[in-house]
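A.B. asks:
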Amino acid sequence: MTYYHQRVLAMTKALYPHRDQAERIALAKQYIDKHYGSILNLDRVAKEACMSKFHFIRLFTRYYGQTPHVYLRDVRMMHARRLLKQGIPIRHVCYAVGFDSVPSFTRLFRQRTGLTPKRAILDKKIPAGTFIFVKSRKP
Amino acid sequence: MKIKLASLFVKDQDKALAFYTDILGFVKKTEIPMGEHKWLTVVSKEEQDGVELVLEPMAFEPARVFQQALFEAGIPFTAFHVDNVEKEFARLEKLGVIFSMKPTSMGAVKLAVFDDTCGNNIQIVQV
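Going down the list, the sequences are from chains Y and S.
The working numbering puts the last residue of the first sequence at 206; the count rises by one with no breaks.
The working numbering puts the last residue of the second sequence at 588; the count rises by one with no breaks.
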């Protein structure tokens, strides 16, 4: 057994002694992965892990290094980017990834990716490496 | 500032390209001849506009010592995400890949470590 493998086993024993707890947290994460497009509330997700909301938030953050709320937001943004690249209209994407307001979706998308949703669609239409020749204006 | 590249030292760039494409399933993105070596990058088939992995030639002795020490301790140089560690482990093992750590749970994640045949341990992670 390598030094690294020994360290992984030792850290698992020290930090994550409750195997069933880890499995319940993983189940709740899978629930988020599957239902990101729905209106999700933390009570519902915590129920998947059979825990109270506050206990769930604390444990999820310990296991995954980010709060369930931030994780859900990132999953939604990842799927939004994928759908926009397929050319799906912004409004449809917004609702498909669980938002109920286009302006708040647009604001968050821009904050997280540095692009507006419209720009994300346009970027897909311009294949990487393509040179765009713009006709210069006559003086 | 954006993170677009991640680098990995490899003993032989051609051998590494074959391993990372034929065995792991990545796709070559760029190959630019640069004298004795080349600028060589691969990307994930599922995220071809994602982060590029640079297969860097090992041409600096102290780096060789560093790589060797990590390898002998079984420490992964880098890690790749997979949907299912067990399935990927079975697929790679069938292709002759040698694992120094078989699928192992750590908290809510599952890990495994294999030899990339180019001097590195690589970890696959199921989150």
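Idealized CB from N, CA, C, for every residue including glycine.
1) 8 Å is my cut-off, CB to CB: does residue 70(Y) come that close to chain S?
2) Any Cβ of chain Y within less than 8 Å of the Cβ of residue 505(S)?
3) Just the chain S side, please: which residues come within less than 8 Å of residue 75(Y) by C-beta, in chain order?
4) Quick one: is residue 487(S) buried, meaning 16 or more other Cβ sit within 10 Å of its Cβ, or exposed?
5) In angstroms, rounded to a whole number, what distance separates the CA positions of residue 503(S) and residue 586(S)?
6) What residue range does the beta strand (DSSP E) around residue 540(S) cover?
7) If you draw a straight line from the C-alpha of residue 138(Y) to the C-alpha of residue 535(S), how long is it?
8) Can you give the Cα-Cα distance for residue 125(Y) and residue 571(S), rounded to whole angstroms?
9) Rank 473(S), 524(S), 490(S) and 483(S) by C-alpha distance to the C-alpha of residue 557(S) and give the top, closest one.
10) Can you give me the C-alpha to C-alpha distance between residue 206(Y) and residue 172(Y), rounded to a whole angstrom?
11) Once DSSP output is grouped into helix, strand and coil, what is the label at residue 480(S)?
12) According to DSSP, what are the bridge partners of residue 467(S)?
13) Per the contact definition of three or more C-beta pairs closer than 8 Å, is the segment 513 to 525 of chain S in contact with the segment 466 to 483 of chain S?
14) Between residue 480(S) and residue 131(Y), what straight-line distance do the alpha-carbon atoms span, to the nearest angstrom?
15) Residue 536(S) touches chain Y at which residues, Cβ-Cβ below 9 Å?
16) At a CB-CB cut-off below 8 Å, which residues of chain C make contact with residue 187(Y)?
17) Please classify residue 507(S): does DSSP put it in a helix, a strand, or coil?
18) Return the residues of the segment 116 to 134 of chain Y that lie within a Cβ-Cβ distance of less than 8 Å from chain S, sorted by chain order.
19) Can you tell me where the alpha helix (DSSP H) holding residue 157(Y) begins and where it ends?
20) Kindly indicate which three-state DSSP category residue 475(S) falls into: helix, strand or coil?
21) What's the call for residue 187(Y), buried or exposed, on a 16-neighbour Cβ count within 10 Å?
C.D. replies: Reading off the structure:
1) yes
2) no
3) 562, 565, 567 and 572
4) buried
5) 19 Å
6) Per DSSP, residue 540(S) belongs to the beta strand (DSSP E) from 537 to 542.
7) 31 Å
8) Cα to Cα, residue 125(Y) sits roughly 21 Å from residue 571(S).
9) When each option's Cα is compared against that of residue 557(S), the closest is 483(S).
10) The predicted position of residue 206(Y) is uncertain, since its pLDDT is 39 and thus under 50; a value taken from the coordinates is nonetheless stated next. The straight-line gap from Cα to Cα measures roughly 41 Å.
11) helix
12) 514(S)
13) yes
14) When rounded, the distance between both Cα atoms is 31 Å.
15) In chain order: 69, 70, 71 and 74.
16) Checking the listed chains, one finds no chain C in this structure; the protein chains it contains are Y and S.
17) Of the three classes helix, strand and coil, the one that applies to residue 507(S) here is coil, per DSSP.
18) 130 and 131
19) 157 to 163
20) helix
21) By the Cβ-count criterion, residue 187(Y) is buried, with 16 or more other Cβ atoms from all chains shown falling within 10 Å of its own Cβ.
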